[in-house]
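Working notes for the structure below.
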Amino acid sequence: MAERRGREETDVRHAADMAVRFAEAARHEADAERQGGSEPHLSAIFSEMEQKWDGRFSNPMKLSENKDWIDYCRALGRDRGILTRPN
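Numbering (this note's numbering), first residue to last: 310 to 396.
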């Protein structure tokens with residue numbers, strides 16, 4: 310979606326890289342909690358959330374709620390050492 314909105318290629322790549330890092334952190338957390346065989350569970354969640362967020366970002370009625378979730382994810386990413394840039 311960012312590419313369609315004319316975002317810089319480096320920003321698009323960074324967002325994709327951060328998505329991978331969040332997914333890796335989720336796998337690590339599941340392993341730390343000894344949730345053996347968590348990959349099928351995580352794959353289903355990732356797929357569901359990808360569809361959900363694709364729809365959310367295209368819906369102007371969700372802008373305020375999206376901002377709250379983005380702020381939460383940003384804080385979580387900083388706390389867990391996932392995010393590598395300030396914004």
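All C-beta atoms in this analysis are idealised placements derived from N, C-alpha and C, irrespective of residue type, glycine included.
Just so it is clear, the structure is predicted and the values come from calculations on it, not from any experiment.
Report the rounded CA-to-CA distance for residue i versus residue j, giving the unit in angstroms.
i    : j    : result
L351 : D363 : 18 Å
C382 : K371 : 16 Å
M327 : A384 : 13 Å
D388 : S373 : 23 Å
A353 : E317 : 30 Å
E359 : W378 : 14 Å
Kindly list the residues whose CB is nearer than 7 Å to the CB of residue i, restricted to its own chain and excluding five residues on each side of it in sequence; keep chain order.
i    : result
F355 : A332
Going along the chain, which residues of its own chain have a beta-carbon closer than 6 Å to the beta-carbon of residue i, five neighbours each way excluded?
i    : result
H323 : none
G386 : L392
Are the Cβ atoms of residue i and residue j separated by less than 9 Å?
i    : j    : result
I391 : A334 : yes
E348 : R330 : no
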